[in-house]
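Sequential numbering of the sequence shown, starting at 529, is according to our numbering. First the structure, in the form of structure tokens, and then the observations on it.
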Amino acid sequence: MSYKKKSTRNVKPGRKREKWTDILPRYLTFLTHMRPILRETRRVIIGLDADLLLDTEILDKIREEEEKRNVRKVRALTEFSAMYRSNIYEIIKDFLVKYRDLIPILDIKDYIIEFLYESVGALNVLQHITNPDEQNLEHTYLYVLVKFIEEKLLPRGRNLKVIYKKLLEVSPDFYDCQRHILQPHTYYREKLEDSDSFEIPGISPKVYQVFNNITSLFNLDPNFGNFPEKENQELPMILKTEIFNPYIDSVANAEEEAIDQISERIGLRILDDIFLAPSENLVEIMIENNFIRSNTQSDGVIRLLPQLSNETLYLYYLAFASQRRGFLSKELINWISMNFAFLIYMGILKWKLSDQNIFYPIFKDLQTNEKILPYLMKLICFPNYLGLDKMKIRDSPQYRKEIFNFIGSQIDNLKEFINEIAIFCEKFDKERKNK
């Protein structure tokens, strides 16, 4: 009698693990249609007598003819191409109407051609952002830009101390971005009461408030107790209940391990089931960065006095998340990869497009972003880049719209970072050409 042994593995049904060769073509799909449309439009404007531009109806007829010429595509591409071409011509018409009485028509034509030329250049970089075979990665925009951003927002290192030091060194210029990268706008989706204890979630406003309260209590009114790992030294301590009881319904369930998890992620531990105190690892980091000063008591015991700043615990959480990036929650992976994709995308646009370019709104439009950024997010998650679990990237169109909504409310520090990325792109491009 024979029988088939039942598998002991619990394999979840669903999508197969996507490969680089699966995702890159999807990322390129719409880019390969956007660039020809811009080039066609540039060719039309160059060949058109400047005086004819004064009649906007001529542009409408040209656009209709261009749409008739197109070969048949799948419906999604056809609709997108029609929308994209229509937007381009509407922007040109608005520009003509606005300035035809203020600027000579020949100059207006030159401006339009220059703006189209810049836009084609931006799409050319986005289309060739990486190599299909993943060879010579260090010479690709995607690789160097991910590493450039990673070093400031989610650095790698052999231990927490090294990662923390990297974050702290750039925090004077990038702290708002560092805080932003851990605070998903969709944090409310995190179900802490049901979460995997190994998963590291993003930080909600309530948890951020907990951090600030811990910082204040450590600085102003700590208790002191024996340092378990060091004789003749006393650690600063605060009451666990004083911090967590007011927020227990908002940030965690009533179980003790939830408090343990939150405490561990910011470098704290629970002593005697009553006090919150810094772990040995956090003490070393604080001493190294002057967040603790020593005071020798009359009995010879060294008391460690904290002098924390707002970012002390926050950067520890970020360093902790960076070190354990394989255990980030779904929401946090989506948020981090989306921010990296957005920074790279906007950095390239900032580099290639002048601030006056009338076609900027098309690139920033939600309909364009949701066709490009989700696949860029997945490419960024691969091991050679951020090394995040790309299977956790959500494919829901509604979720894409929701997560991209933050684009309209950028923080100033993010805009400054985009400018710095654009400068880096220019420098990297020159180095590539000189080799």
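For glycine and all other residues, C-beta sits at the position ideal for the given N, C-alpha and C.
Per DSSP, reduced to three states, the secondary structure at residue 821 is strand.
If you draw a straight line from the Cα of residue 921 to the Cα of residue 690, it is about 29 Å long. In the three-state reduction of the DSSP assignment, residue 762 falls in the strand class. Its chain contains 813, 834, 835, 836, 837, 840 as the residues whose beta carbon lies nearer than 8 Å to that of residue 819, once the 5 sequence neighbours on both sides are disregarded; these appear in chain order.
Here residue 756 is not near residue 766, since their CB atoms are 8 Å or more apart. With distances taken between CA atoms, residue 577 lies nearest to 633 out of 622, 633, 563, 610. With a cut-off of 8 Å on Cβ pairs, the segment 861-869 is in contact with the segment 703-714, counting three or more such pairs. Under the three-state reduction of DSSP output, residue 684 falls in the coil class, being neither helix nor strand.
The Cβ atoms of residue 663 and residue 559 do not sit closer than 8 Å to each other. By a beta-carbon distance limit of 8 Å, residue 646 contacts residue 880. Their separation comes to about 6 Å. Judged by pairs of C-beta atoms under 8 Å, the segment 694-708 touches the segment 672-684, as three or more such pairs exist. Taken in chain order, the complete alpha helix (DSSP H) segments of 4 or more residues contained in the segment 786-862 are 808-816, 839-851.
Under the three-state reduction of DSSP output, residue 752 falls in the strand class. For residue 575, the uninterrupted alpha helix (DSSP H) segment begins and ends at 548-575.
For the options 773, 859, 760, the alpha carbon positioned closest to that of residue 826 is the one of 760. Put simply, the backbone Cα of residue 639 is about 10 Å away from that of residue 620.
DSSP assignment within the segment 640-699 yields no whole beta strand (DSSP E) run of 3 residues or more.
Excluding residues up to 5 positions away in sequence, 772 lie with their Cβ nearer than 6 Å to the Cβ of residue 787 in the same chain. For residue 859, the number of other beta carbons within 10 angstroms of its own is at least 16, and it is reported as buried.
Cβ-Cβ distances below 6 Å link residue 790 to nothing in the same chain once the five nearest sequence neighbours on each side are left out. Look at residue 728 here: in three-state DSSP terms it is strand. If you look at residue 956, you'll find it in the alpha helix (DSSP H) that goes 940-962. Sequence-distant Cβ neighbours of residue 665 in its own chain, meaning closer than 8 Å and more than five residues away, are 658, 659, 671, 912.
Straight across, the Cα-Cα distance linking residue 845 with residue 892 is about 32 Å. Distance from the CA atom of residue 962 to the CA atom of residue 955, rounded to whole angstroms, is 11 Å.
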